[in-house]
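Heads up: the structure comes next, in structure tokens.
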Amino acid sequence: ARLKSMGAWFAFGLGFFITLTSFPVSFPYFAVLSRYSALHLGLGSVLAYVLVYNVGYASPMVLILLIYLRLKQGTDGIHDLLHQKALLLNAHLTTWTFIAFGAFSMMDAVCFFAFGRVLIKGRFF
1473 ARLKSMGAWF
1483 AFGLGFFITL
1493 TSFPVSFPYF
1503 AVLSRYSALH
1513 LGLGSVLAYV
1523 LVYNVGYASP
1533 MVLILLIYLR
1543 LKQGTDGIHD
1553 LLHQKALLLN
1563 AHLTTWTFIA
1573 FGAFSMMDAV
1583 CFFAFGRVLI
1593 KGRFF
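Structure below.
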């Protein structure tokens, strides 16, 4: 419930906590830092490269967030519509699944009584 009503500060704090706790096992980040240290650059250049790496690392998630925010506009009644469609699809899928299993069982029984063999060997015995 808290995640549905989170504000900007809570989201920032949660992201900061996740970043802080995942930093000790971020092997790609350490590999990049070791490569930058091997270049023997100045502090400003290394900080610029690390900033570029972080922007490149974060850009897919920012892009996903922007797409989500863009698509979220104008979707007020979508939850109810999807729920109705899911109920209808569930009824159809359940009905057709029972029909398919029933038809298969009838064909299996006909094959067993007519030819003495089942359609799928080892299904029961």
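Note that my numbering gives residue 1546 to position 74 of the sequence shown, counting from 1, and the numbers run on in steps of one.
Yeah, the Cβ is synthetic: ideal placement off N, Cα and C, and Gly gets one too.
Problem set entry | 8 Å CB neighbourhood of H1555 in its chain, flanking five on each side removed | By 1-based counting over the sequence shown, the position of residue 1555 is 83. Closer than 8 Å at the Cβ level, and outside the excluded window around H1555, lies no residue.
Problem set entry | Length of the line joining the Cα atoms of N1526 and T1491 | Taking the first residue of the sequence shown as position 1, residue 1526 is located at position 54. Taking the first residue of the sequence shown as position 1, residue 1491 is located at position 19. So the alpha carbons of these two residues sit roughly 12 Å apart.
Exercise. Taking the C-alpha atoms as reference points, what is the distance between L1511 and R1542?
Worked result: Within the sequence shown, numbered from 1, the residue matching residue 1511 stands at position 39. Within the sequence shown, numbered from 1, the residue matching residue 1542 stands at position 70. If you take the alpha carbons of L1511 and R1542, they lie about 41 Å apart.
Problem set entry | Boundaries of the alpha helix (DSSP H) in which L1440 is found, first to last residue | Past the edges of the chain, shown from 1473 to 1597, lies residue 1440, and the structure says nothing about it.
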